[in-house]
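The structure appears right after this line, and notes come after that.
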Amino acid sequence: MKELEEKILEEGIVIGPNILKVDSFLNQQIDSELILKMGKEFAQYFKDKNIDKVLTVESSGIAPALATALELGVKCVFARKQQSLTTGENVYHSSVYSFTKQVTNELIVSKNFLKEDENVLMIDDFLANGQAAKGMVALIRQAGANPVGLGIVIEKSFSDGREIIKDMGIDLYSLARIAKLEDGEITFVKED
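Under this note's numbering, the letters of the sequence shown match residues -13 to 178, in that order.
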């Protein structure tokens, strides 16, 4: 998605060889118009998957997931990273390690929100090592539902996340694919 790549080049800050800061338009402050365009792009790509729900992980995946769900006309569900007083015990859960935050989180979704045989599209902000995606797939499979695709806003193609997702048989679509983050520079994967 050319507009997203331009925004990353304009406002993204390379923190090191593995970390890209995009909080000015995606992670803390949200560029609403760009998010809506992302939702349209994901919805267009996955339109033939008969999607019943969109699933993401709090918090940075919520905006692109919601935009996608709105475009598809389905509900958006997000996995919590912490049990709340209102969640109760009737939940699916999966542990995932966050490379960026260097912590393990327990992903939690109420059993009321993922149902057997639903076709679930996963949307997330970043794909690096594939851990959040693996956690979402585990939640979906616990419910007896079908993980039909994964939409990623920014993929760190120099990590092994793409391989992990493809090996799981999941249809993966990334809006921007980064080949490397080096010396403060961002290089995108050249598409064929």
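Quick reminder that beta carbons are idealized off the backbone N, C-alpha and C, glycines included. Given the structure is predicted, the values throughout are model-derived calculations rather than measurements.
In terms of Cα proximity to Ser80, the closest of Val89, Lys67, Gln88 is Lys67.
If you ignore the 5 residues before and after Thr54, its C-beta comes within less than 6 Å of the C-beta of Gly25, Phe28, Ala29, Val40, Ile109, all in its own chain and listed in chain order. Counting the other Cβ atoms within 10 Å of the Cβ of Ser18 gives fewer than 16, which makes it exposed. In the DSSP assignment, Ile5 falls outside any alpha helix (DSSP H) and carries neither an H nor an E. If you compare the alpha carbons of Val77, Asn98, Val60 with that of Asn105, the shortest gap goes to Val60. According to the DSSP secondary-structure assignment, Val63 is paired through a beta bridge with Leu41. Taking C-alpha positions only, Gln14 is separated from Val8 by approximately 8 Å.
By DSSP's assignment, Gly137 forms a beta bridge with Ile109, Tyr159.
Boundaries of the beta strand (DSSP E) harbouring Leu93: 89 to 96, taken from the DSSP string.
Per DSSP, Ser18 lies in no beta strand (DSSP E) segment; the continuous alpha helix (DSSP H) that holds it begins and ends at 18 to 32. Between Leu136 and Leu158, the gap from beta carbon to beta carbon is short of 9 Å.
DSSP places Leu167 within a strand segment (E or B) once states are collapsed to three.
Contact annotation: Val175 and Ser143 have beta-carbon atoms nearer than 9 Å. Closest in C-alpha terms to Asn115, from the list Tyr83, Ile172, Asp38, Glu168, comes Tyr83.
Residue Ser160 holds the alpha-carbon nearest to the alpha-carbon of Tyr31 among Ala165, Glu171, Ser160. If you ignore the 5 residues before and after Phe112, its C-beta comes within less than 6 Å of the C-beta of Ile140, all in its own chain and listed in chain order.
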